[in-house]
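Trainee: Have a look at this one.
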Ligand code: SF4
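Spelled out as structure tokens, the structure:
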């Protein structure tokens, strides 16, 4: 057994090899707990406050223990950071000969088969001149690239529509039947992952492919003796997504597009197919058009009252069944047509199940409407049992870690939701001195959050604080509407010269870069900036939160889950809604203090923090900041910070 204490000590290997390393007792304890968990093949749920250094705390014991490891992260940024920087650094420091692979979802790799198909499609009806140019660049890149990862071709924007034509989906991949199988980038990435000691994935890939055993990844999980989830607070959401079933109109449009190309290339003499494809494509578009709203969710009960929707869904299914039959009759003519037939068949089964099955116990059916597409979903009311079953398949260690998993050091809501009964839980406080570094301010005189001009009150209360902080603030809102209103109100304030940045004016990384450069900006955002954002130093000295982040109770999945819990005689608000809001709030608040030298004010405008009995539980779950309701104290805090900085 290796000696964690000596490795993490002030004269240990980490101190000698890792730039900026400092011994922290919390980190050392966490590393020891993880070492024990791995040795005993147990389950550990570990919260580590900001600055604990949880990445090193799990990497060191994991690399030393050996065996195959999967590390899953919430974001691609953290995935890249682990693969390119953290794991190689720790490997070099510990001198352990482990191999590492980075595995992304298949949409990140160029697909030779679909690239060929797009290049051969002389009609090119679906792409414009710019995309033709992109297509040529992708073709050249596919010849020279070693891994086919689209992030290596920065000339083609990440969100360019052409990527959809030249990458595969689980549906459209021909697998071992594919003529390009031997040189396939996706298969090569998977082969490397199956041979590596440490595989870095993200939660979406883990649930979609590793846990649900997509073809080619079936050996990854069984071979592995440790699984680590970083940013594990995101798992309930991701697991719900993948343990359910869904089918969207965009999948049907993709099917129509691929069927057209395949029909032209392999069944040009079969006349019925183009009409059947066009009819199904139109029916899919018509279904989307039955709902005027966008970015909205509807429960089954609500949506089935819309007769146009029900008629359009029946019509789509009818046209899809006709297309399926025609594709079946031609399937033998090529692998591509065979694949289209299989997809059409699966899609029609999914739609039929969604439409016809009674609201089965344990699943909630609902739809989500986007700008261009509509998705039918069936989501499990509880993921606990499904996840438990997946975990039980063989003996290994499971580690769930994040800065935000508990409510006042209580993990019950998380372990219950994920089905982790019997797991060890542990909490390591941040090493930062929050009482010195941060102030929690809850303004006096705020109306209840449902007040119709609540956001106007928020801005009024925030103005003197923003002046005292000289901008340098994140203004985090719980809805897009409130975010827009805050922006308009701040724009109209006279003699208020701080630059305003509004979420959506550019990519998230661009907005953060601007924010850092400007040094006195106010960034107004909603969900995108609540987590995964790291601005150190003075540029971010104030975080304002408009309301406690309770999820909207009319969300179909949430309301079905609430109903289920209450029906069981439990209290859904205390057991489910409140813990989720606390975790969200801790994420938002966590943007403020990122370093030992950071100082700042967290302003939470919602009066329920004080007036409601549960408010105490919320602020007691936040880091131990000094608290005040006095504006003068906030102004004094910022003045003191300025003086301190000048003296330094
Ligand atoms: S195997 Fe699948 S991903 Fe690979 S080239 Fe063929 S279709 Fe594309």
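In our numbering, the protein residues as written are 28 to 675. Ideal Cβ positions, reconstructed from N, Cα and C, are used throughout, including at glycine. Only a predicted model underlies this, so the values are computations on that prediction, with no experimental measurement involved.
Between which residues of its own chain and residue 39 is the CB-CB distance below 6 Å, once the five residues before and five after are set aside?
Mentor: Sequence index remark: in the chain shown, residue 39 carries index 12 (1-based). Counting only Cβ-Cβ distances below 6 Å, and skipping sequence neighbours, we find 33.
Trainee: Rounded to whole angstroms, what is the Cα-Cα separation between residue 323 and residue 397?
Mentor: Here the question's residue 323 lines up with position 296 in the chain shown. Here the question's residue 397 lines up with position 370 in the chain shown. The alpha-carbon atoms of residue 323 and residue 397 are separated by roughly 7 Å.
Trainee: Could you spell out the range, first to last residue, of the alpha helix (DSSP H) harbouring residue 339?
Mentor: Position 312 of the chain shown holds residue 339. Run containing residue 339: 334-357, per the alpha helix (DSSP H) assignment.
Trainee: With a threshold of 7 Å (Cβ to nearest heavy atom), would residue 288 be considered close to the ligand SF4?
Mentor: Translated into positions along the chain shown, residue 288 becomes position 261. Set against 7 Å, the gap from the CB of residue 288 to the closest heavy atom of the ligand SF4 is not smaller.
Trainee: Is DSSP giving residue 476 helix, strand or coil here?
Mentor: As a first step, residue 476 is located in the chain shown; it is residue number 449 there, counting from the start. Correct three-state label for residue 476: coil.
Trainee: Curious, which full-length beta strand (DSSP E) runs of at least 3 residues does the stretch 53-122 contain?
Mentor: Counting only runs of 3 or more, we get 70-75, 96-100.
Trainee: Looking at C-alpha atoms only, which residue of 318, 267, 423 is the closest neighbour of residue 401?
Mentor: Translated into positions along the chain shown, residue 401 becomes position 374. If we check each option's Cα against that of residue 401, 318 comes out closest.
Trainee: Contact check, residue 452 vs residue 183 under 8 Å by CB: the rounded distance?
Mentor: Along the chain shown, one-based indexing puts residue 452 at 425. Along the chain shown, one-based indexing puts residue 183 at 156. Contact between residue 452 and residue 183 does not hold, since the beta-carbon distance rounds to 45 Å and is not under 8 Å.
Trainee: Determine the contact status of residue 364 and residue 289, defining contact as a CB-CB distance below 8 Å.
Mentor: Taking the first residue of the chain shown as 1, we reach residue 364 at position 337. Taking the first residue of the chain shown as 1, we reach residue 289 at position 262. In this structure, residue 289 lies closer than 8 Å to residue 364 by Cβ.
Trainee: If you run the structure through DSSP and keep just helix, strand and coil, what is residue 449?
Mentor: As a working note, residue 449 is residue 422 in the chain shown. In this structure, DSSP gives residue 449 a state outside helix and strand, which the three-state scheme calls coil.
Trainee: In the DSSP assignment, what are the bridge partners of residue 26?
Mentor: As shown, the chain starts at 28 and ends at 675. That puts residue 26 outside it, with no answer to give.
Trainee: On the DSSP letters alone, give me the boundaries of the beta strand (DSSP E) that residue 627 sits inside.
Mentor: For the purposes of this step, residue 627 is taken as residue 600 along the chain shown, with counting starting at 1. From DSSP, the beta strand (DSSP E) with residue 627 extends over 627-631.
Trainee: I'd like the ranges of any beta strand (DSSP E) spanning at least 3 consecutive residues and lying wholly in the stretch 466-515.
Mentor: Within the stretch 466-515, the complete beta strand (DSSP E) runs of at least 3 residues fall at 500-503.
Trainee: Within 7 Å: the Cβ of residue 140 and any heavy atom of the ligand SF4?
Mentor: Along the chain shown, one-based indexing puts residue 140 at 113. Within the cutoff, so yes.
Trainee: What does the Cβ neighbour count give for residue 135, buried or exposed, with the cut at 16 atoms within 10 Å?
Mentor: The residue you call residue 135 lines up with position 108 of the chain shown. The residue is buried, with at least 16 neighbouring Cβ atoms inside 10 Å.
Trainee: With the cut-off set at 8 Å, would you say residue 278 and residue 374 are in Cβ contact?
Mentor: The count along the chain shown starts at 1 and reaches residue 278 at position 251. The count along the chain shown starts at 1 and reaches residue 374 at position 347. The answer is yes: Cβ separation under 8 Å.
Trainee: Output the residue ranges of the beta strand (DSSP E) runs that lie fully inside the stretch 221-254 and measure 3 residues or longer, sorted by chain position.
Mentor: 225-229
Trainee: Need the endpoints of the alpha helix (DSSP H) that residue 542 sits in, please.
Mentor: Taking the first residue of the chain shown as 1, we reach residue 542 at position 515. Start and end: 535-545.
Trainee: Going straight from the alpha carbon of residue 570 to that of residue 530, what length do you get?
Mentor: Within the chain shown, numbered from 1, the residue matching residue 570 stands at position 543. Within the chain shown, numbered from 1, the residue matching residue 530 stands at position 503. For residue 570 and residue 530, the distance between alpha carbons rounds to 15 Å.
Trainee: Who pairs with residue 654 in a beta bridge, going by DSSP?
Mentor: Your numbering for residue 654 matches position 627 in the chain shown. Residue 654 pairs with 467.
Trainee: Would you kindly report the start and end of the unbroken beta strand (DSSP E) that includes residue 42?
Mentor: Translated into the one-based positions of the chain shown, residue 42 becomes position 15. Note, residue 42: premise wrong, no beta strand (DSSP E); alpha helix (DSSP H) at 40-44.
Trainee: For a test of your reading of the model: does the CB of residue 367 fall under 7 Å from any non-hydrogen atom of the ligand SF4? Yes or no.
Mentor: Against the chain shown, residue 367 aligns to sequence position 340. Checking every heavy atom of the ligand SF4 against the Cβ of residue 367, none is found closer than 7 Å.
Trainee: At a cut-off of 7 Å, is residue 337 close to the ligand SF4 when judged by its beta-carbon and the heavy atoms of the ligand?
Mentor: Indexing the chain shown from 1 puts residue 337 at position 310. It does not: the Cβ of residue 337 is nowhere closer than 7 Å to a heavy atom of the ligand SF4.
Trainee: Looking only at DSSP bridge pairs, what is residue 128 linked to?
Mentor: One-based indexing of the chain shown puts residue 128 at position 101. 226, per the DSSP bridge assignment.
Trainee: Taking the straight line between their C-alpha atoms, what separation do you get for residue 493 and residue 661?
Mentor: Locating residue 493 in the chain shown gives position 466, where the first residue counts as 1. Locating residue 661 in the chain shown gives position 634, where the first residue counts as 1. Taking the straight line joining both Cα atoms gives about 10 Å.
Trainee: Closer than 7 Å: is that where the CB of residue 625 sits relative to any heavy atom of the ligand SAM?
Mentor: Judged by which ligands are present, the ligand SAM is missing from the structure shown, whose ligands are the ligand SF4.
Trainee: Just to check, is the beta-carbon of residue 214 closer than 7 Å to a non-hydrogen atom of the ligand SF4?
Mentor: For the purposes of this step, residue 214 is taken as residue 187 along the chain shown, with counting starting at 1. Yes; taking the cut-off as 7 Å, the Cβ of residue 214 has a heavy atom of the ligand SF4 nearer than that.
Trainee: Curious, which full-length alpha helix (DSSP H) runs of at least 4 residues does the stretch 377-453 contain?
Mentor: 411-418, 439-445
Trainee: Leaving out the 5 sequence neighbours to the left and right, which residues in its chain are closer than 8 Å to residue 232 when beta-carbon positions are compared?
Mentor: Mapped onto the chain shown, residue 232 falls at position 205. Answer for residue 232: 99, 130, 131, 132, listed in chain order.
Trainee: Could you tell me the alpha carbon to alpha carbon distance between residue 516 and residue 499, rounded to whole angstroms?
Mentor: What you label residue 516 is simply residue 489 of the chain shown in a count that begins at 1. What you label residue 499 is simply residue 472 of the chain shown in a count that begins at 1. Cα to Cα, residue 516 sits roughly 18 Å from residue 499.
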